[in-house]
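The structure appears right after this line, and notes come after that.
2 protein chains.
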Amino acid sequence: MAAPRQSSRSPRYVGIAAELRERILDEHLAPHTLMPSERELSEQFEVSRMTARQALMLLESEGHVYRRPPRGTFVAEPRVRFQIGSFSAEADRLGRQASAQLLWAKALAGAGNGATRARTALGLADDDTVHAFRRLRLMEGEPLAIETTYFPSALTPGILDVEAEGSLWGLLRERYGIEMTRSVAVIESIVLDEESCDRLAVRAASSGILLTRRTFDQDDRCVEFARDVYRADRAAFEVSASVAR
Amino acid sequence: MAAPRQSSRSPRYVGIAAELRERILDEHLAPHTLMPSERELSEQFEVSRMTARQALMLLESEGHVYRRPPRGTFVAEPRVRFQIGSFSAEADRLGRQASAQLLWAKALAGAGNGATRARTALGLADDDTVHAFRRLRLMEGEPLAIETTYFPSALTPGILDVEAEGSLWGLLRERYGIEMTRSVAVIESIVLDEESCDRLAVRAASSGILLTRRTFDQDDRCVEFARDVYRADRAAFEVSASVAR
DNA sequence: CAGCCCGCTTGGTCTATACCAAGTGGGTCG
DNA sequence: CGACCCACTTGGTATAGACCAAGCGGGCTG
Numbered sequence: 037m038a039a040p041r042q043s044s045r046s047p048r049y050v051g052i053a054a055e056l057r058e059r060i061l062d063e064h065l066a067p068h069t070l071m072p073s074e075r076e077l078s079e080q081f082e083v084s085r086m087t088a089r090q091a092l093m094l095l096e097s098e099g100h101v102y103r104r105p106p107r108g109t110f111v112a113e114p115r116v117r118f119q120i121g122s123f124s125a126e127a128d129r130l131g132r133q134a135s136a137q138l139l140w141a142k143a144l145a146g147a148g149n150g151a152t153r154a155r156t157a158l159g160l161a162d163d164d165t166v167h168a169f170r171r172l173r174l175m176e177g178e179p180l181a182i183e184t185t186y187f188p189s190a191l192t193p194g195i196l197d198v199e200a201e202g203s204l205w206g207l208l209r210e211r212y213g214i215e216m217t218r219s220v221a222v223i224e225s226i227v228l229d230e231e232s233c234d235r236l237a238v239r240a241a242s243s244g245i246l247l248t249r250r251t252f253d254q255d256d257r258c259v260e261f262a263r264d265v266y267r268a269d270r271a272a273f274e275v276s277a278s279v280a281r
Numbered sequence: 037m038a039a040p041r042q043s044s045r046s047p048r049y050v051g052i053a054a055e056l057r058e059r060i061l062d063e064h065l066a067p068h069t070l071m072p073s074e075r076e077l078s079e080q081f082e083v084s085r086m087t088a089r090q091a092l093m094l095l096e097s098e099g100h101v102y103r104r105p106p107r108g109t110f111v112a113e114p115r116v117r118f119q120i121g122s123f124s125a126e127a128d129r130l131g132r133q134a135s136a137q138l139l140w141a142k143a144l145a146g147a148g149n150g151a152t153r154a155r156t157a158l159g160l161a162d163d164d165t166v167h168a169f170r171r172l173r174l175m176e177g178e179p180l181a182i183e184t185t186y187f188p189s190a191l192t193p194g195i196l197d198v199e200a201e202g203s204l205w206g207l208l209r210e211r212y213g214i215e216m217t218r219s220v221a222v223i224e225s226i227v228l229d230e231e232s233c234d235r236l237a238v239r240a241a242s243s244g245i246l247l248t249r250r251t252f253d254q255d256d257r258c259v260e261f262a263r264d265v266y267r268a269d270r271a272a273f274e275v276s277a278s279v280a281r
């Protein structure tokens, strides 16, 4: 049977999403509260399961709920605000407990694997090598970002052998005497790839924020190139700029 | 009938999206090229229309295509990169032709309508009024952002009567002798509301980037509060920061 | 010839149904 | 008692079919 003509102009699933959004916000349901299942909602609102599902998918894309099959759909937590710079420094500033899980650490030479792009960003020659880390960053135990960081090998001998659970910037200062002085970054909205969704524990093709950063030291050498992917529903960025005239 | 067991692990629609993405990127199809319709794709790939549709929706959320019912689905243009600051200044820098359509301009007093929030951001008292503009910003004729800008009324007498098609920052400098010197902004990913989707000519519940900005003058007074909503698929932001130690 | 209208196509929405993978919990068996 | 297993529930994927609004173009009508 076709859809019965609705009185309002907007689609049924938008209205259902609005109703649920209101429930979450007005009754300020606690984060991680279990929402009704798709099948329950389809009965309550007298629509097919696919329509109830569309409403929940809308709320998920807004960051109001998250879904954890086969457990159910839950109320989400509000997002965390970052400034550009080191994840660890930000966590300290916010008084949150940050940690990192090393995914890999290696020396990159030759072409491919982002090595070429990293060398270009770092201002290195084609035959230079770079040291690269990929780390999952967590705050209060929740995965928030995947950082991929590249340093010129010449500046960071032996860095791959260090335990990389803490601040890499701190390591650069303490062990290599490199002072980071300024960063230039590009922030954009992306759709997360399969691996990132997996690591960040969000559903496939979720929205993410890509922060591509170059950091310079006291001599204005580019000493770090980083490509950080944040969960869009959990992160916000605070930036400041002087006005060019 | 149920879905036949696929050989691969990933869903059918992800594979179809990948195939189409490849076609767009490898054959570098020109922007605005018409893609096959959902019904055509469902025949070509031998899936139901809903599955072909999911693939196209995925590509749309990635910004690879845009949909314009009932004309069809088209290859999208790549995104534009901004620095924090004035939209007009950025357009100049990029050598693009920028324009603005005034949506409304009014004086706000009392509570509600964002007036309270604007006063707080501007550091004004509860009985002060603010002058507010909402403008649709276009680049090369394409809607890219909705700016809502608030100024202290005391600093900008008569500003509501000015034609607001160009740069408001230019106006502040030339007419009121106010020099903008620095901005502080928060960038985050949001889902666009119905009106914004409409104005920006994107589908309902598309992803957007919210830039909330406070701008200060030579005396470090906050002279502008702005809430700008950009299309996530068309905008990127370049920022720089010195490293706090 | 001008203008209107109608039918085709498109994406958008919705129904109804089916099977799948994977946690959860209860009950059973050794 | 402990380990295992199976049934139930959940969201995820997929099918097949239906009607809608709206742009477009061709053909008909005045």
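Residue numbers (my numbering), protein chains in the order written: chain A, 37 to 281; chain B, 37 to 281. Quick reminder that beta carbons are idealized off the backbone N, C-alpha and C, glycines included.
Item: Given that a residue counts as buried once 16 or more other Cβ atoms are within 10 Å of its Cβ, and exposed if not, what is residue 74(B)?; Value: buried
Item: Our contact map puts residue 60(A) next to residue 111(A) with C-beta atoms below 8 angstroms; I'd like the distance itself, whole angstroms only.; Value: 6 angstroms
Item: Check each candidate in 250(A), 167(A), 195(A) and 236(A) and name the one with the smallest Cα separation from residue 216(A).; Value: 250(A)
Item: So for residue 98(B), helix, strand or coil by DSSP?; Value: coil
Item: So, do the segment 166-180 of chain A and the segment 207-216 of chain A have three or more beta carbon pairs nearer to each other than 8 angstroms?; Value: no
Item: From the beta carbon of residue 56(A), is the nearest beta carbon of chain B less than 8 angstroms away?; Value: no
Item: Less than 8 angstroms between the beta carbons of residue 227(B) and residue 97(A), yes or no?; Value: yes
Item: Excluding sequence positions up to five away, which residues of its chain have a Cβ less than 6 angstroms from the Cβ of residue 170(B)?; Value: 139, 140 and 184
Item: Any contact between the segment 144-152 of chain B and the segment 98-106 of chain B? By contact I mean 3 or more CB pairs, one from each, below 8 angstroms.; Value: no
Item: From residue 78(B) to residue 254(A), what does the alpha carbon distance come to, in whole angstroms?; Value: 58 angstroms
Item: For residue 80(B), which of helix, strand or coil comes out of DSSP?; Value: helix
Item: Using the C-alpha atoms, what's the distance from residue 166(B) back to residue 151(B)?; Value: 7 angstroms
Item: Output yes or no for whether 8 angstroms exceeds the beta carbon distance between residue 243(B) and residue 232(A).; Value: no
Item: Please classify residue 269(A): is it buried, with 16 or more other beta-carbons within 10 angstroms of its beta-carbon, or exposed?; Value: buried
Item: Does DSSP put residue 244(B) in a helix, in a strand, or in coil?; Value: strand
Item: Helix or strand or just coil, what does DSSP make of residue 65(A)?; Value: coil
Item: Which residues in the same chain have their Cβ closer than 6 angstroms to the Cβ of residue 246(A), if we skip the five residues on either side of it in sequence?; Value: 224, 226 and 265
Item: Any C-beta of chain B sitting closer than 8 angstroms to the C-beta of residue 273(A)?; Value: yes
Item: May I have the straight-line CA-CA distance separating residue 106(A) from residue 133(B), to the nearest angstrom?; Value: 51 angstroms
Item: Looking at residue 258(B) and residue 190(B), is the spacing between their C-beta atoms short of 8 angstroms?; Value: no
Item: Against chain B, does residue 221(A) count as a neighbour if the rule is that its beta carbon must be under 8 angstroms from one of theirs?; Value: yes
Item: Using C-beta distances below 6 angstroms, list every residue in its chain close to residue 68(B), excluding the 5 sequence neighbours before and after it, in chain order.; Value: 110
Item: Leaving out five residues on either side along the sequence, give the residues of the same chain with a beta carbon under 8 angstroms from the beta carbon of residue 94(B).; Value: 49, 50 and 53
Item: Give a yes or no on whether the C-beta atoms belonging to residue 186(A) and residue 221(A) are separated by under 8 angstroms.; Value: no
Item: If you draw a straight line from the C-alpha of residue 238(A) to the C-alpha of residue 125(B), how long is it?; Value: 37 angstroms
Item: Starting from residue 264(B), follow the beta strand (DSSP E) in both directions and report where the run begins and ends.; Value: 258-267
Item: Along chain A, in chain order, which residues have C-beta atoms closer than 9 angstroms to that of residue 227(B)?; Value: 94, 97, 98, 99 and 243
Item: Within a Cβ cutoff of 8 angstroms, which residues of the same chain sit near residue 80(B), ignoring the five residues on either side of it in sequence?; Value: 72
Item: In whole angstroms, what separates the C-alpha of residue 92(A) from that of residue 57(A)?; Value: 10 angstroms
Item: Tell me which residues of the segment 68-93 of chain B have at least one Cβ-Cβ distance to chain A shorter than 8 angstroms, keeping chain order.; Value: none
Item: Are the C-beta atoms of residue 157(B) and some chain A residue less than 8 angstroms apart?; Value: no
Item: DSSP state of residue 189(B), grouped into three classes?; Value: helix
Item: Count the other C-beta atoms from every protein chain shown that fall within 10 angstroms of the C-beta of residue 175(A), then say buried if there are 16 or more, exposed otherwise.; Value: buried
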